[in-house]
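Line by line, the protein sequences are chains A, B, C, D and E. The working numbering numbers the first residue of the first sequence as 3 and each following residue consecutively. The working numbering numbers the first residue of the second sequence as 6 and each following residue consecutively. The working numbering numbers the first residue of the third sequence as 968 and each following residue consecutively. The working numbering numbers the first residue of the fourth sequence as 301 and each following residue consecutively. The working numbering numbers the first residue of the fifth sequence as 223 and each following residue consecutively. Report on the structure given below.
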Amino acid sequence: MIKLLAKRSSSAILVLLGVTIIVFFLVQLVPGDPARAILGNGATDQAVQSLRQQLGLNDPLVAQYMHYLGGLLTGDLGNSVNLGKPVADVIVPRLGNTLILTVAALVISVGLGVPLGLIAARYQYSIFDRLAMALSLAGASLPVYWAALAAIAVFSLALNWFPTGGMYNARMPGGTPDLLNHLILPATIAALVPLAVIARLTRSVVIDTLNQDYIRVLRASGVSEKSILWKHAGRNVLPPVVGIVGLQVGYLLGGVIFVEVVFHWPGLGQQLYTSITAHDLPIIQAGILFIALMFVVINLLTDLAVAFLDPRGEVAS
Amino acid sequence: MHPYDALIRVENLRKEYTVKSMFGTSAKSFVAVEDASFHISRGETWGLIGESGSGKTTIGRMLLSLVEPTSGTILFDGNDISKLDRSYQRQMRRRTQMVFQDSGSAFNPRRPVGEQIAFGLLQYDLCTRREARGKVLDLLDRVGLADMHYDRYAHEFSGGQKQRLGIARALASRPDFIVLDEPTAALDVSVQAQILNLLKDLQQERHLTLMLITHNLALVEFMCDRAAVLNHGVLVEAGSVDDMFQAPQSDLTRKLLDAVLEPEISAAA
Amino acid sequence: MTDMLLEIKNLKTHFHTDGGIVKAVDGVDLEIPRGGILGVVGESGSGKSVTGLSVMGLLGSRRARNAGGQILFKGRDLLTFNDRQLQKLRGSEIGMVFQGALSGLDPSFSVGSQLMEVIRRHQKVNATQARKIAMESLELVAMPDPERKIRSLPHELSGGQRQRVLIAMALSCNPELLIADEPTTALDATVQKQIVDLLVDINRARGTAILMVTHDFGVVARMCRTVAVMRYGKVVEKGTVQEVLENPQHPYTQALMNAVPRLHLTAAERAVPRPERRLFELTKNLPATPVQREEAYAPL
Amino acid sequence: MSAEIIANQTQQATQVPPAPKPPGELSGEPAPAAAASPARQPSRKRLALRAFARDKAAVVALVVLLLAVGGAILAPLLTSYDPYAGDSSRRLAPLFTPGHWLGLDGQGRDIWSRLLYGGRYSLTVAFVPVLCVFPIALALGLFAGATKSRLGGIAMRVLDAVFAFPIVLLALALAAVFGGGLGNVMMAIGITLLPYMTRVAYNATVQEIGKEYIEAARVAGATNAQLLFKQLMPNVVSPLVVYATSTMGLMIVTASGLSFLGVGITPPTPDWGVMTSDGSQVLLEGYAHVATIPGFAVLVVALAFNLLGDGIRDALDPHKQTS
Amino acid sequence: MSSSKRLGKRSARYSALGLVAALALTACGGGSGSNASANNTLVIGIESEPDILDPQGGGGWVTYRISHQMFDGLVAEDLSKPSSEAAVTDLAPGLATSWDISPDGLTYTFHLRQGVKFHDGTEFNAEAVDYNIRRMWDKSAPQYNARAAGNTTFVWQHLSAVDVLDNATIKLTLDQPFSPLLRLMAQGGSGSTGIISPTALKQYGDAIADHPVGTGPFKFEERVRGERVSMVRNDDYWGGAPKLDRVVFKPIPDASARVASIRSGETDIIAVPTPDSVSGLQSDGFEMVDATPPHVWFFSANMKEEPMKNLKVRQAISYAIDRKSLATDILKDTALPAYQVQAPANTGYLQSTDPEYPYDPDKAKQLLAEAGYPNGFTTTIETSVDGSGQMIPVPMAEFIKQNLEKVGITVNIKTYEWISYISHFNAGLEPGVGMAQMSWGMSTPYWLSIETNSSLIAPNGPNAGYYQNADLEGVIAQAVAATDEDTANKYWEQANQMATADLPMIPIVNDKSPYILSKRVKNFVLPSEEWYDLTKVELGS
């Protein structure tokens, strides 16, 4: 296990290094001059030049990258161009908010998607199965922002069940219950696509599992269908399903951008979106880096979890 | 026996698989074949007996240069196959063939089987492209398949037919030596009988040297002149089949003989 | 015939496939007395496995249909049982062992927990008692070091040991009938013999009747008392092992017998040089079958 | 009791015997009859088409896509309205307005007309990036998977790093870099797609290369190039085609998301994504049809691409091509 | 115990663990505020996340609307009258109660308000003013801040000396007469001259943005990025304590979501409703308040190349655009058609009743033919997709495209994100781009100079269309140098006339800057300015 951890971690670090390179050079391609963006309309050429000097924008790219990497390693993400404060101060609270949304969406998509897939597999070819799979196929093709707006129209405006957005009541921020109240709708919308995918994949994994020899042995031993489905199949589909769920987190992190924009959820996605539009390169770099980092870490954890859950212990591709 | 009668001579063959750790240190190794020496004479069928995981398939693959030995030499027709130059290597490839346990997976699922059999002919310029089809049809006919099978795909054949296809392909390049890796393990007895009979007939017709890899002693008794028993990568016994089966020298051989269930009423029932 | 434990009468099991109805079992009659061992021999597609699964009600496919007949177990027709009754029956009164021992155990649960789940499903016992019964079952199948093995996960056991666990599981509730569907296929020869002998021992010690589904006449000869030879969903010949093996009547049976390679050929046989020795030639000895038997193209 | 012969041999000739069961199969259900009938073998293409035609969902999907393509091509014949010219005094007219059965959008343009013409852009966005990336992904995946070379390994590592970015995020970043517009969006989508398609090709290659037929071909004397192009490629292309097809739907959705975020295709292009994102501005004001109609079109076409992908997978699977 | 039960228990334990973790995660987000103050809290839904809350360094109207509530400048505007009562805001005393201007227009002496304290208790005096001005202007001062200086360049461009005369008096000396100075000091569009507590500046330095301390009617409470900026009443405000306990500015960038938020009662006021939502909101009992702030939505023409170089072409375009329909149909009367370069809320605005460029496509075609383009031409229009004051630029551009295509001008639209658009715009129009859209305006007509001065040609300034007109610059120079307001205004009107005739910028509409108010909101007044005063606002139940 420790060996596996070491092996996976070191390859994850390699991936992360690649990520920093991509992030760095991607941001270089963004058009416009950050220095001018900071100084505004009236700035003179001279002022722009001196700020460029100050920001190190005139150094060769490789030097800038090494400088950037060095900063990263010492925990220095640089200063936001527009916000006049360290990037970490901006990113970290946003990251927390995005995590809340992502985790909630994950809980919903797994909590509904896996049982849906299990039941659909159990009653393969039934009306329920066909309906659930058709819906989940459609769900995976849904434009998220459209669904978000439609959900606001129905659940916030028509039914008045949930607030239309934000994280807390602005008039009187009310702690956890207030947060949950604001969380349900966006988390559900963010969960839709992964839920659909998880349900579909779970179904096929379960069907595979139910065709295994040992399931037949259990049947022949008179073990109840309930135990076969929920205990034996359930336990054995765990590793592949965890793998599937891990992958879905990536989609979630992407889809969350739309949800954050429509529900004005103050998360990383929204920050990133505004920073991309506001040309705040250090924030963009850090934001993308953090999302990639989360993704890589989640993949790593998924890999380890799959290996851990696999009864044979060490087997994991 | 004179050494030049041996088509294949193997000396101190060894295969070790290493599992490298991340940083190339602390390698774990697993010995699949340990210090095997034997020879296979021209025209004979040589049996290699072993239970699952004993390393018998690895030996077969080393003989065909599909797996590189860790150490030891393999002489084919007197030449060390690891030292052959390109064109001889090609010759060696042509002259050695293999029939797999499951020919179904040994055929490309997305190409017609006839084309795949023709490949061996064309590859070694044994005929022109125009003649190829006819030659393959001859081969198919010889192994008991019909012309119409040429354009079909592997999954459309039954187990026995797939084995016939595998044999046809092995024959295409006019080899001298064929490794038969459990060629009938997955077949019904009646089909197995046909395949075994076919192999025998072909051997006589074409003066083939065969190596039969199996765990079934009865097959060895039926097919082979000489054989060896492999136990966890080590050759524990070798010699003529009649001698070996009548007076087994090793425990494993005895155990294997004892385990054969004959369709005769014995005291047990 | 009332002392028969299992009587299968004119059983018909059909599969409704895209290509039409496949009559996998087509009017089969079989019977096993209490404590008896019946071998059902046949090649792929003969319907022997489907017969065993029909008894268990385990066809499990939407396409499988019962098309007639009776399966009388202790006088009760199993074909009339509902799912719940069948579940109760399986494992307690009829046990089953399949081929493919390597994949027959749930890889995620320990041997003990799987045994105990079956035991507690059918017997009103607490965990300690169940564990005791599980231990006994493992001892019954001569599992080496059962104390340790009961805690093992399946992948920690060898193939033969796994097959023993499966047999222990099938026998844990002391069923009167054990259906063994090619239990030794894919095992090494030495292990195969051990398992076969084990089944015979259990039959003697406990009086458990066995329905042995196999393609191997060697296995039949070793353990069975009566044998039925199946082909294309029908029983072509049946009788005591002695009768059938020593004097097969049906040409198919004869052909099959001939096709089995044997050791220790007689001196006369051995006098034939190896290249001239021939195994059975199907086309000569069998009446031509309608179509689709692949081997119709055999040139022999 | 003497051994009895039970079978009536003559009866055998009149019935269809069960097909031989593959050894080891435990399902209790006989495999479909292996085709060994002496009938003349239809061509591969015919078989694939026949298998495809049996898949009702895929056929419906194909019809839907053909309708969409047809509608896009024949748009001038199916509507008399200019998709770009609107009557601002009648903007946001509802469904079934006389002369405009799908209503008018925020500029007073006919939605039906924009939907038809919009197919030209949306389908292009779905199709072109996938088409362009296909050969690159195939070559890269084959190369990295088959040669196990250092270079291939590095290429896959780099792609691994790209994998760490969620699709939408990467597309968003790239679109922001390139700027909006049809061409740039397609470029962004193509680049985003590359690692995914390459991974599919790579995985298929690695999987296939471990199969026995590759070894068998080597025994038969195949050179490396022959192994790569003759043996591996057809088996790698099929899953890649399937993946590419299913992906096209997702790409329309992604492109529409970019439009919503303002970095996608530029209005007034009647792209469905642009229309959906335009319409979503008035979704909450009681003009739901403006966003919902093109959104539905995106959904249906994405769905159709998915089902078509499934259908193609089955049709290309030799095991399902029974005559 | 059977293993199945054990498994069940274990999974229950896991899910409990997950819940606890989720709660722990969320617990850190706990809030403040009591019920009573919640009732008297005004929540304003604004169109984007504000910039930094440093009044001098932070740019944009959205930000100034917030920092304006916490900071005062020396010079203020009278924001208590709606546009209908005062088309142009009057200057009013701020932290300076009065000021004297020397006859030569070169020295400004400000008499400071006494007894005013910053929110942190620091006394407001001439030293504080000196400290602040040097932060924006004196490169040698330790507190000099490049960003603050950059944003206030236009205000201080002619300042040559600052002298503290006594604790209550400060003198600014200019190097030339500069008539727009006072109005510029009252502006806040791109950085304002709001006075910050020197104590706080010394304490926080650049981090002042997170600890804004001014003298304004509201005191900073907290800022949760992406979520809210909240402030509480300053009971000691020199202008009289406001009625509200708290004000929360809540950024809701998506316009539909903003509208939804007021419908669901989460906000009390929203800025920039979607035009299509206004009538529905009104019929549901919400009030719309609008004004005529100094705002013009225009196209800068590319004066570097044909055909835009040609005055007749620019005139043709101006005639071809149906501003009225744009304002009525697309913008649902949230804007007024604009026919001149200066907005009504500007002292240079011409009170002529006759618009110079009524909608006349035939005349447009005729002018095009005269210019040598009888069959029109093809050009590109650039615009942002959103942004402060940009209204709904894309639908507007789409509408204008249709207008222009009717007279034969084929238009491609290129869109950009707001901030990348600003830097793109400020870099100057690219070859092939005929017009680029922008929106801006100030209550001081000096704005026209900023837009057209040849020294501010891109990339050195916002003159993105490369316009050069020596005559216009001459008139503007006279206006700037004028020492009495009437003379200045006369020149400004002349300048406006010239610019409107020459069309370096083609004005399209003037935003009415609508706000939607819930029924609870009382006494909210929108003046002819881009920002508003909240001291008089009350909340009903």
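Heads up, the beta-carbon is just placed ideally off N, CA and C, and yes, glycines get one too. Everything numeric in this text was worked out from a predicted model, so none of it was measured.
- Taking the Cα of Pro566(E) as reference, the smallest distance to any Cα among Asp582(E), Asp693(E), Asn718(E), Leu589(E) is reached at Asn718(E).
- Within the region 497 to 523 of chain D, no residue has a Cβ lying closer than 9 Å to any Cβ of chain A.
- In this structure, DSSP gives Met1190(C) a helical state, which the three-state scheme calls helix.
- Burial is judged here by how many other beta carbons sit within 10 angstroms of a residue's own beta carbon; Ile172(B) has at least 16 and is buried.
- A straight-line Cα-Cα distance of about 39 Å links Gly58(B) and Gln126(A).
- For Val50(A), there are no neighbours in chain D by C-beta distance under 9 Å, as the nearest C-beta there is about 22 Å away.
- If you draw a straight line from the Cα of Met228(B) to the Cα of Arg1088(C), it is about 51 Å long.
- The continuous alpha helix (DSSP H) containing Phe27(A) extends over residues 4 to 30.
- By the C-beta density criterion, Pro95(A) is buried, having at least 16 other C-beta atoms within 10 angstroms.
- With a threshold of 16 other beta carbon atoms within 10 Å, Asp693(E) falls short and is exposed.
- The beta carbon of Ala172(A) sits closer than 7 Å to some beta carbon of chain E.
- The beta carbons of Asp467(E) and Arg450(E) sit no closer together than 7 Å.
- Beta-bridge partners of Trp51(B) (DSSP): Met216(B), Arg231(B).
- Annotated as proximal: Ala122(A) and Arg205(A), with beta-carbon spacing under 7 Å.
- For Asp40(B), the enclosing beta strand (DSSP E) begins and ends at 33 to 46.
- The region 75 to 93 of chain B makes contact with the region 7 to 22 of chain B; the number of CB pairs closer than 8 Å reaches 3 or more.
- In terms of Cβ geometry, Pro383(D) and Tyr417(D) form a close pair [threshold 7 Å].
- Rounded to whole angstroms, the Cβ separation of Lys628(E) and Pro583(E) is 6 Å, and the two are in contact under 8 Å.
- Taking the beta carbon of Glu345(E) as reference, no residue of chain D falls within 9 Å; the closest one sits roughly 48 Å away.
- At least one beta carbon of chain A lies nearer than 7 Å to the beta carbon of Ile474(E).
- Taking C-beta atoms as the reference points, Leu257(B) and Val234(B) count as a pair closer than 7 Å.
- Burial is judged here by how many other beta carbons sit within 10 angstroms of a residue's own beta carbon; Arg115(B) has at least 16 and is buried.
- Interface flag for Thr637(E) against chain D is set, since a Cβ pair is found closer than 7 Å.
- For Asn373(E), the enclosing alpha helix (DSSP H) has its first and last residue at 368 to 373.
- Collapsing the DSSP output to three states places Asn732(E) in a strand.
- Look at Met292(E) here: in three-state DSSP terms it is coil, with no helix or strand label.
- Across the region 1052 to 1066 of chain C, no CB contact with chain B closer than 9 Å is found for any residue.
- In this structure, Leu170(B) sits near Ser108(B), with a CB-CB distance shorter than 7 Å.
- Nearest to Lys233(A) by alpha-carbon distance, out of Gly248(A), Val308(A), Thr211(A), is Thr211(A).
- In this structure, Arg1229(C) and Glu267(B) form a Cβ contact; the two beta carbons are roughly 6 Å apart against a cut-off of 8 Å.
- When rounded, the separation of the alpha-carbon atoms in His341(E) and Leu493(D) is 55 Å.
- Listed along chain D are Val519, each with a C-beta nearer than 7 Å to that of Leu69(B).
- Annotation for Gln659(E): the continuous beta strand (DSSP E) segment containing it runs 655 to 662.
- Taking 7 Å as the threshold, the shortest C-beta distance from Tyr127(A) to chain D does not fall below it.
- When the Cα atoms are used, Met486(D) and Val537(D) turn out to be separated by approximately 22 Å.
- According to the DSSP secondary-structure assignment, Trp321(E) is paired through a beta bridge with Phe332(E).
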